[in-house]
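**Student:** Submitted below is the structure of interest, expressed as structure tokens.
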Amino acid sequence: MGGGETGNGPARQIVLQGEPNSGTNVGFNKLYLGGIGGASNTWDFSTGVLLNDADNVAEGDTALVTDGTDADKVFAPGDVILKHDSDTVVGTVKSVSANLITLTSGSGVAITDDDELMNASPMTIILGFEQ
-1 MGGGETGNGP ARQIVLQGEP NSGTNVGFNK LYLGGIGGAS NTWDFSTGVL LNDADNVAEG
59 DTALVTDGTD ADKVFAPGDV ILKHDSDTVV GTVKSVSANL ITLTSGSGVA ITDDDELMNA
119 SPMTIILGFE Q
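When we follow the working numbering, the leftmost residue of the sequence shown carries the number -1, and every step to the right adds one.
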């Protein structure tokens, strides 16, 4: 078994296939997941998605105009967005396009122009098994 994938964006799919009819415990296989965190084993989940609003975003706003990396390559509906320099929740994504993120409710915090937007859960691992 094996596989690897790098890059931005949702829906990176890897198929892992074992040998279901071999071994002493047929049907009970173990899968091990591992990750390498880059140089010095540090994880960098920066997105490159920046707020593009000279008037800034006030607490309670629902529309975030962005520039930099296309927001739809990084965020998906249901993602929780954080302000880059803290664990402060901005809001939950309702819809997203290349340069516009719409939140389900008003922003939980004021954001200034060129603040980077981060994903609260940048990695999701979904496992599905068949026999």
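For each residue, glycine too, the CB sits at the ideal point set by N, CA and C.
Using CA coordinates, which residue listed in ILE79, LYS28 and PHE73 is at the minimum distance from ALA108?
**Tutor:** Distances from the alpha-carbon of ALA108 to those of ILE79, LYS28 and PHE73 put ILE79 closest.
**Student:** Helix, strand or coil for GLY0, going by three-state DSSP, please let me know.
**Tutor:** Here GLY0 scores only 39 on pLDDT, less than 50, and its place in the model is too uncertain to base an answer on.
**Student:** Just tell me which of PRO75, ASN54, SER84 and ASN97 has its CA closest to the CA of THR67.
**Tutor:** Of PRO75, ASN54, SER84 and ASN97, the residue nearest in Cα terms is ASN97.
**Student:** Decide if THR22 is buried, meaning its Cβ has at least 16 other Cβ atoms within 10 Å, or exposed.
**Tutor:** exposed
**Student:** How many Å lie between THR45 and GLU114 at the Cα?
**Tutor:** Their Cα atoms are separated by approximately 7 Å.
**Student:** Let me know if ILE123 comes out buried or exposed under the rule of 16 or more other beta-carbons within 10 Å of its beta-carbon.
**Tutor:** Burial call: exposed.
**Student:** Nearest to THR86 by alpha carbon, out of ALA52, ASN117, ASN50 and ASP70?
**Tutor:** If we check each option's Cα against that of THR86, ASN117 comes out closest.
**Student:** Is the beta carbon of PRO75 less than 7 Å from the beta carbon of VAL55?
**Tutor:** no
**Student:** CA-CA distance, THR120 and LEU62?
**Tutor:** It is Pro, not Thr, that sits at residue 120 in the sequence shown. Those two C-alpha atoms are separated by around 19 Å.
**Student:** If I follow the unbroken beta strand (DSSP E) through MET116, where does it start and stop?
**Tutor:** 115 to 117
**Student:** Can you check whether the CB of ASP70 is closer than 7 Å to the CB of SER105?
**Tutor:** In this structure, SER105 keeps its C-beta atom at 7 Å or more from the C-beta atom of ASP70.
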